[in-house]
Amino acid sequence: MHESYGQAGAGVAETHCGVVFFNGERAYKFKKPVRFEFVDFSTREKRRAALVRELELNSRISPEAYLDVMDLVDSNGEAVEPVLVMKRMPANRSLAHLVSAGADVEDCMTAIARKIAEFHLSALTSAEISSVATLEALAANWSANLDEMAGIAVLEADSIGRCRELASRYLLGRRALFESRIRSGCIKDGHGDLLAADIFCIDPVPVILDCIEFDDRLRWGDVISDIAFLVMDLEQLGHLELAQILLRRYHEFTGETAPDTLMHHYIALRALIRSKVAGLRFGQGDADSSGQAAKLLGISEAHLRRAQVCFLTVGGRPGTGKSTLAAALSEHLGWPVLRSDVIRKELAGVPPGENWASDLGEGIYSESWNHRTYEAMIEQAKVLASLGEPVILDASWSRAEERVIARAAAAEVHADIIEAECRCSEDVALERISRRRAEGMDPSDADERVAREMRFDSWPEALVIDTGDGASPLEQVVGCLP
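First residue of the sequence shown: 27, per the working numbering; consecutive thereafter.
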């Protein structure tokens with residue numbers, strides 16, 4: 027019903043459930059006397075209760091726009107119909123209008139992010155509210171929507187199938203993440219329908235309208251799911267850069283630490299539901315909805331792919347630059363690094379920079395110590411993956427059996443695994459080792475003799491990464507990531 031906001035003079039907008047009359051600086055919203063599966067406005071009392079609820083819920087975020095619930099009266103002064111009185115919004119200040127017109131809205135995005143952040147920080151949570159964000163509830167939500175989409179002819183069946191598989195894979199491995207979000211109080215009574223068309227860039231504070239009022243459970247959810255709705259809407263409007271600004275500012279204002287994979291997961295869910303709705307509209311005769319349905323399904327699948335958790339194993343002989351590459355990848359991707367050299371010394375109770383060089387296969391480099399080190403590193407990776415974090419595993423990965431264990435661990439937590447072997451000439455590797463040992467304080471104890479004598483099994487599954495002088499190993503790996 028937002029289309030007529032701000033038009034000069036009188037106007038009217040209508041949906042299947044309501045009608046809004048515009049006059050001057052006011053908008054007057056009525057509920058139609060209808061009864062559907064999801065709403066019942068069949069009596070005046072029910073319509074009044076719905077309008078009062080709408081006033082209460084929306085006043086949490088934009089009290090300046092929602093003024094009062096009053097009654098139209100007849101000539102005898104008898105109440106005949108309840109009405110929600112609102113402040114009329116200027117149509118040319120809606121976020122959707124501004125971005126389509128190419129206006130500079132970066133400052134407005136900051137203000138919107140701040141307002142949503144403040145709203146989320148003060149929003150209610152409870153055990154009942156949190157119940158919508160368990161793994162089981164989310165899986166049921168995905169399944170129900172995907173099942174409904176299966177019969178929509180305009181949507182590609184193969185894409186729906188891929189979405190089902192990708193969503194299931196993410197959910198199955200992330201129980202610890204969803205439980206952590208619930209424990210941390212991140213599941214709130216939110217907005218539920220953050221659309222650019224219902225947000226108005228008004229100085230000094232933007233106005234956000236039309237939260238979901240007819241079904242509490244559609245409004246409840248992870249705060250990340252709530253902001254993901256607007257991120258998805260900006261993306262489908264063709265303004266991904268604004269979506270990224272919104273997210274950065276939101277994280278700054280809230281201190282939110284959720285993994286990026288969770289954001290991608292919820293963007294995908296929001297896009298999928300919007301795709302379903304567009305597909306249903308097409309089936310009801312709205313020809314323009316066909317392209318929108320397909321576009322949104324594509325957005326959903328793309329974000330489901332980006333949501334997948336990954337083990338990135340970076341290995342190679344001593345001096346080939348694997349730790350340097352792992353650190354560069356961490357900086358570029360924002361993924362944590364687990365380094366075997368550091369973990370080994372943590373297990374031994376010694377400082378990372380202290381030299382514990384010994385003969386190959388002796389001391390803390392014996393077979394049993396190698397096993398302990400890799401086991402600890404892989405267990406840490408599994409914990410991170412279960413919390414939605416992709417992870418870089420920096421070790422030599424010289425033995426085939428170690429790689430087999432890593433692959434099994436990735437499968438256990440429903441994560442992808444990408445394997446990379448660093449290679450350079452022996453002269454370059456030995457020169458790097460010599461320089462590293464001269465500088466001191468590096469966690470690696472490998473010297474030139476270890477580099478020459480180390481057993482290194484063939485690694486056909488790995489991407490071969492050239493780490494020689496003048497090479498661009500970071501670009502080589504990033505270019506192979508999904």
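Here a beta-carbon is modelled for each residue, glycine too, at the ideal position from N, C-alpha and C. The structure displayed is predicted, hence computed values, not measured ones.
| Check | Outcome |
| --- | --- |
| Contact the region 346-365 vs the region 410-420: 3+ CB pairs below 8 Å | yes |
| Residue(s) in a DSSP beta bridge with residue 445 | 339 |
| Rounded separation between residue 333 and residue 196 - CA only | 7 Å |
| Within 8 Å, strictly: CB atoms of residue 233 and residue 88 | yes |
| Whole-angstrom distance between residue 331 and residue 40, CA atom to CA atom | 38 Å |
| Proximity winner among 446, 450, 472, relative to residue 489 (alpha-carbon distances) | 446 |
| Residues that residue 55 bridges to, as DSSP identifies them | 46, 110 |
| Inter-residue spacing [alpha-carbon to alpha-carbon] between residue 137 and residue 272 | 9 Å |
| Beta-carbon contacts of residue 159 that lie in its chain and below 7 Å, excluding the five residues immediately before and after | 204, 207, 208, 213, 247, 248 |
| Residue nearest to residue 311 in terms of C-alpha spacing, selected from 180, 69, 451 | 180 |
| Residue 373 beta carbon less than 8 Å from that of residue 399 | yes |
| Top-ranked residue by Cα proximity to residue 161, from 305, 291, 456, 187 | 291 |
| Minimum C-alpha distance to residue 164 - residue among 428, 190, 394 | 190 |
| DSSP three-state assignment for residue 150, whether helix, strand or coil | coil |
| Same chain, Cβ closer than 6 Å to residue 251, neighbours up to 5 away in sequence not counted | 292 |
| Residue 193 to residue 456 span [Cα, whole Å] | 46 Å |
| Which of helix, strand or coil DSSP assigns to residue 86 | coil |
| Own chain partners of residue 228 with C-beta closer than 7 Å, once the 5 adjacent residues on each side are dropped | 119 |
| Short CB-CB distance (under 8 Å) between residue 152 and chain D | Going by chain labels, chain D is absent from the structure shown, which holds only one protein chain. |
| Selected residue, minimal CA-CA separation from residue 258, among 343, 325, 475 | 325 |
| Classification of residue 261 by the beta-carbon crowding that lies within 10 angstroms, buried from 16 upward | buried |
| From 54, 45, 49, 50, residue whose alpha carbon lies closest to that of residue 60 | 45 |
| For residue 40, three-class secondary structure by DSSP | strand |
| Distance CB(residue 268)-CB(residue 503) smaller than 8 Å | no |
| Residue 402 versus residue 337 - alpha carbon distance | 15 Å |
| Alpha carbon of residue 313 to alpha carbon of residue 225, nearest angstrom | 27 Å |
| DSSP three-state assignment for residue 178, whether helix, strand or coil | coil |
| Close Cβ partners of residue 358 (< 8 Å) along its chain, the five nearest in sequence each way excluded | 500, 504 |
| Residue burial classification, residue 220 (beta-carbon count within 10 angstroms, cutoff 16) | buried |
| Per DSSP, cross-strand counterpart(s) of residue 248 | 213 |
| Residue 240 in three-state terms, based on DSSP | coil |
| Candidates 297, 350, 199, of which the one nearest residue 322 by Cα | 297 |
| Spatially closest choice to residue 285 from 99, 431, 335, by CA coordinates | 335 |
| Beta-carbon spacing of residue 397, residue 280 below 8 Å | no |
| Residue closest to residue 75, alpha-carbon to alpha-carbon, out of 476, 110, 101 | 110 |
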